[in-house]
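Asker: The numbering used here puts the sequence shown at residues 4 to 150.
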Amino acid sequence: MMGTRGNRFGGGRPLGLAGLRRLAKSRGVTLIEILIVLAIVGLIAGGIAVFAIPKFKDAQIQTTKQSAQQLHTIAEGWHATHTQECPTAELLKKEKEIATTSNINDAWGKPFKIECLDDGDIVVTSFGPDGKENTADDIRVPEAAKN
């Protein structure tokens, strides 16, 4: 059965076999066109990732610093009335100094370390992105404290 040309091709004349082939060919998307679109989408996604990943890492560090500061303040308050014992995050949670639903881990899912120094100071430490103790990326509150 022969098709007819619609308004797009002008008039209502019947299409021949060659006309139908041209029409079918003009409606398809070639593999090359699909690959070009995928390449463009990949370049855009890669460009976004280049800018977004460092911002995400900075946000993790800032969030961990703020959490460590809050934990430090709570630990100091608790230690003022319990001078014989050094608090842990779990103990502070158990004593309801921290809400039981609160997350007491750093941005990388590791628990904070709370130390009571001989001079009475309390140091809260996150082992940072690498998760290893005593490395350059550790986050300590107060910042001047060293192990």
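We put the CB at the ideal spot given by N, CA and C, even for glycine. Source: prediction; values computed, not measured.
Does DSSP put residue 67 in a helix, in a strand, or in coil?
Answerer: The residue given as residue 67 occupies position 64 in the sequence shown. Residue state, collapsed to three classes: helix.
Asker: What number of angstroms, rounded off, separates the C-alpha of residue 65 from the C-alpha of residue 85?
Answerer: Residue mapping note: residue 65 aligns to position 62 of the sequence shown, counting from 1. Residue mapping note: residue 85 aligns to position 82 of the sequence shown, counting from 1. Approximately 30 Å between the Cα atoms of the pair.
Asker: Please look up how many angstroms separate the CB atoms of residue 79 and residue 125, rounded, as I've assumed it's under 8 Å.
Answerer: Against the sequence shown, residue 79 aligns to sequence position 76. Against the sequence shown, residue 125 aligns to sequence position 122. Residue 79 to residue 125, Cβ: 5 Å. Contact.
Asker: Keeping to the same chain, check which residues put their C-beta closer than 6 Å to that of residue 118; ignore five residues upstream and five downstream.
Answerer: As a working note, residue 118 is residue 115 in the sequence shown. Closer than 6 Å at the Cβ level, and outside the excluded window around residue 118, lie 126.
Asker: Mind checking which residues open and close the beta strand (DSSP E) that includes residue 100?
Answerer: Within the sequence shown, numbered from 1, the residue matching residue 100 stands at position 97. Unbroken run through residue 100: none, as it is neither H nor E.
Asker: Mind the definition here: the stretch 101 to 117 touches the stretch 67 to 77 only if three or more C-beta pairs lie below 8 Å; say whether that holds.
Answerer: Segments in contact, yes.
Asker: Around the C-beta of residue 71, are 16 or more other C-beta atoms found within 10 angstroms, so that it is buried, or is it exposed?
Answerer: For the purposes of this step, residue 71 is taken as residue 68 along the sequence shown, with counting starting at 1. Classification for residue 71: buried.
Asker: Taking the straight line between their C-alpha atoms, what separation do you get for residue 99 and residue 108?
Answerer: Position 96 of the sequence shown, counting from 1, holds the residue named residue 99. Position 105 of the sequence shown, counting from 1, holds the residue named residue 108. Residue 99 and residue 108: Cα-Cα distance of roughly 16 Å.
Asker: Restricting to Cα atoms, I'd like to know which of 52, 44, 63 is closest to residue 110.
Answerer: Your numbering for residue 110 matches position 107 in the sequence shown. For the residues 52, 44, 63, the minimum Cα distance to residue 110 belongs to 63.
Asker: In three-state terms, what does DSSP make of residue 134?
Answerer: The sequence position of residue 134 within the sequence shown is 131, counting from 1. In this structure, residue 134 counts as coil in the three-state DSSP scheme.
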